[in-house]
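Worksheet for the structure shown next.
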Amino acid sequence: MKRNTLRKSRKSSKLAGNHPTKTWPLWLVPAIVAVATCVAFLPVLWNGFVEWDDYENLLNNPHYRGLGWNQLRWMFTTIHMGPYQPLSWLTLGVDYLLWGMNPVGYHLTSIILHAANAVFFISSADAS
Numbered sequence: 000m001k002r003n004t005l006r007k008s009r010k011s012s013k014l015a016g017n018h019p020t021k022t023w024p025l026w027l028v029p030a031i032v033a034v035a036t037c038v039a040f041l042p043v044l045w046n047g048f049v050e051w052d053d054y055e056n057l058l059n060n061p062h063y064r065g066l067g068w069n070q071l072r073w074m075f076t077t078i079h080m081g082p083y084q085p086l087s088w089l090t091l092g093v094d095y096l097l098w099g100m101n102p103v104g105y106h107l108t109s110i111i112l113h114a115a116n117a118v119f120f121i122s123s124a125d126a127s
């Protein structure tokens, strides 16, 4: 009796393997989310620095500019304008090394980080 059940389950699994299932590729949904995020935020590339906090954080603040020892010490010990945010200062230091004081580069980095976070969010939601 057990042999018959085992044979049937093997046959049914073989038959199921012969019929291709029509599923979306695993990369398609995260790719769509990344592209949609980039398209939604693309207009920001034509903006300059804003008057909200960019002047105080970026334009009038030479301490974050670069990744030398003085800048790293400042990034990890400062509470500039309130929050302790060394990771943000590190990304801004890299932005400065890549783009100088060109706001397009800073905005492009933000778009890339937003798209990556959206992809990670979708991927983690699919995994659960």
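Oh and the sequence shown: position 63 is 62 in numbering that gives the first Met the number 0, straight run, nothing missing.
Each residue gets a CB set at the ideal place from its N, CA and C atoms; glycine is no exception.
Excluding the 5 residues flanking it on each side, residue 117 has same chain C-beta neighbours closer than 7 Å at 32, 33 and 36, in chain order. Residue state for residue 82 is assigned as coil, using DSSP reduced to three classes. Separation of the CB atoms of residue 54 and residue 92 is rounded to 18 Å, and the pair is thereby denied contact status at 8 Å. For residue 45, there is no enclosing alpha helix (DSSP H), as DSSP gives it neither H nor E. Going by DSSP, residue 71 is part of the alpha helix (DSSP H) stretching over 68-76. Each residue's CA atom was taken as its position, placing residue 88 and residue 25 some 34 Å apart.
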